[in-house]
Every structure is written in C-alpha cells, then in structure tokens.
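Numbering (my numbering), first residue to last: 8 to 157.
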C-alpha cells in the first residue's frame with residue numbers, strides 16, 4: 008500500500024506534539040480501558056480502519072472481552088457497559104458527530120459520573136482520536152498498516 012504522505016516523516020515536530028498529547032491522555036488518570044473503548048468507538052464512527060484495528064488490539068490487551076469489543080458499535084442497546092462508560096460514549100459520539108442538539112443532555116449525564124477535570128480529559132480524548140482518525144484517513148492508512156502511532 009502506498010501512503011499519500013506521512014505526518015511522522017513529513018511534519019515530525021507536529022507528529023511529536025500530537026503523540027505527546029496522546030501519551031498525556033493515557034497518564035491523565037482516566038481508566039485506560041475506557042480510553043481504549045472511546046478511541047475504538049470514535050474510530051468506528053469515523054471509519055478509520057487502521058485505528059479500529061489498533062484500538063481493538065489495545066482494548067483486548069488491556070483486558071476487554073471480545074464480547075464487549077464486538078458490542079461497542081451498538082453500545083446503546085447493550086447491557087455490557089456501565090452507566091459511566093455509556094455516558095462517556097455518548098459524550099464522545101456527540102462531539103464526533105457534532106450533534107449540537109444533544110450536547111446539553113449528554114453533558115448532564117456525564118456530570119452524574121465524572122467531575123470537571125475528568126470531563127475535560129474525556130473531551131480531549133475524543134478530540135485527540137478524531138484528529139488521529141483524520142490523519143490516518145488523509146494519509147491513506149488502512150487495515151493493519153504500520154507507520155502511525157495513535
């Protein structure tokens with residue numbers, strides 16, 4: 008497969024900054040499993056096949072069951088997810104799909120489970136994976152290609 012370009016090689020300082028933000032999210036105090044599931048769900052919405060593969064593997068490695076990973080695309084109809092996870096997924100989806108008409112409702116539910124710092128962390132998590140998805144899609148990264156860390 009030919010890449011159109013690679014941010015890592017063609018804009019290394021920007022790649023390093025984005026990668027540093029990803030590392031900071033992972034050390035923010037949010038549960039790593041939740042971060043992986045948010046990354047996976049947002050990647051599913053955006054159709055970034057590289058990130059779907061990567062974050063499925065990360066979630067599995069982190070102890071997520073195959074059943075939960077498979078059910079994530081339909082999390083709203085699944086009883087496999089806890090209320091706080093469901094609130095986080097709803098928030099990530101509202102931000103990813105820019106559903107202005109649902110943001111207040113999603114935010115109120117989020118407040119029932121997370122404090123202001125955690126909400127900020129969840130917001131950056133969703134924004135960050137959206138950025139990686141767009142980079143992966145723009146570079147023409149598909150499947151299990153190598154060359155982009157998210």
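Heads up, the beta-carbon is just placed ideally off N, CA and C, and yes, glycines get one too. Bear in mind that the values here come from a model prediction, so they are computed numbers and not experimental data.
Given residue 37 as reference, the closest of 144, 91, 115, 21 once Cα atoms are compared: Your numbering for residue 37 matches position 30 in the chain shown. Ranking 144, 91, 115, 21 by Cα distance to residue 37 puts 91 first.
Spatial neighbours of residue 21 in its chain, beta-carbon cut-off 8 Å, leaving aside the 5 residues before and after: Counted from its first residue, the chain shown places residue 21 at position 14. The answer, listed in chain order, is 14.
Between the CA atoms of residue 77 and residue 61 - distance to the nearest angstrom: Locating residue 61 in the chain shown gives position 54, where the first residue counts as 1. Locating residue 77 in the chain shown gives position 70, where the first residue counts as 1. C-alpha separation (whole angstroms): 14 Å.
7 Å Cβ cutoff met for residue 159 and residue 129: Missing from the structure shown is residue 159; the chain here goes from 8 to 157 and no further.
At least 3 beta-carbon pairs within less than 8 Å: the stretch 48 to 65 vs the stretch 23 to 31: no
Through-space distance from residue 74 to residue 68, alpha-carbon basis: Reading the chain shown from its first residue, position 61 is the one you call residue 68. Reading the chain shown from its first residue, position 67 is the one you call residue 74. Their Cα atoms are separated by approximately 14 Å.
Burial state of residue 48, where buried means 16 or more other Cβ atoms lie within 10 Å: If you number the chain shown from 1, residue 48 lands on position 41. Label assigned to residue 48: buried.
Nearest-angstrom Cα separation, counted from residue 16 out to residue 46: Along the chain shown, one-based indexing puts residue 46 at 39. Along the chain shown, one-based indexing puts residue 16 at 9. The straight-line gap from Cα to Cα measures roughly 23 Å.
Burial state of residue 50 (16 or more Cβ within 10 Å): On the chain shown, residue 50 is found 43 positions in, with the first residue counted as 1. Buried is the call here.
Same chain, Cβ closer than 7 Å to residue 131, five either side skipped, listed in chain order: Translated into positions along the chain shown, residue 131 becomes position 124. Cβ neighbours of residue 131 beyond the five flanking positions: 32.
Sequence-distant residues of the same chain with beta carbon closer than 7 Å to residue 86, five excluded per side: Reading the chain shown from its first residue, position 79 is the one you call residue 86. Excluding sequence neighbours, residue 86 sits near nothing in its chain.
Same chain, Cβ closer than 7 Å to residue 153, five either side skipped, listed in chain order: For the purposes of this step, residue 153 is taken as the residue at position 146 of the chain shown. With a pLDDT of only 43 at residue 153, under 50, the local geometry of the prediction cannot be trusted, and no value is derived from it.
Residue from 40, 24, 123, 117 whose Cα sits closest to the Cα of residue 95: Your numbering for residue 95 matches position 88 in the chain shown. Residue 117 is the option with its Cα nearest to residue 95.
Residue burial classification, residue 133 (beta-carbon count within 10 angstroms, cutoff 16): Against the chain shown, residue 133 aligns to sequence position 126. By the neighbour-count rule (16 or more Cβ atoms within 10 Å), residue 133 is buried.
Contact belief for residue 53 with residue 103 at Cβ below 8 Å, rounded distance in angstroms: The count along the chain shown starts at 1 and reaches residue 53 at position 46. The count along the chain shown starts at 1 and reaches residue 103 at position 96. Confirmed, about 7 Å.
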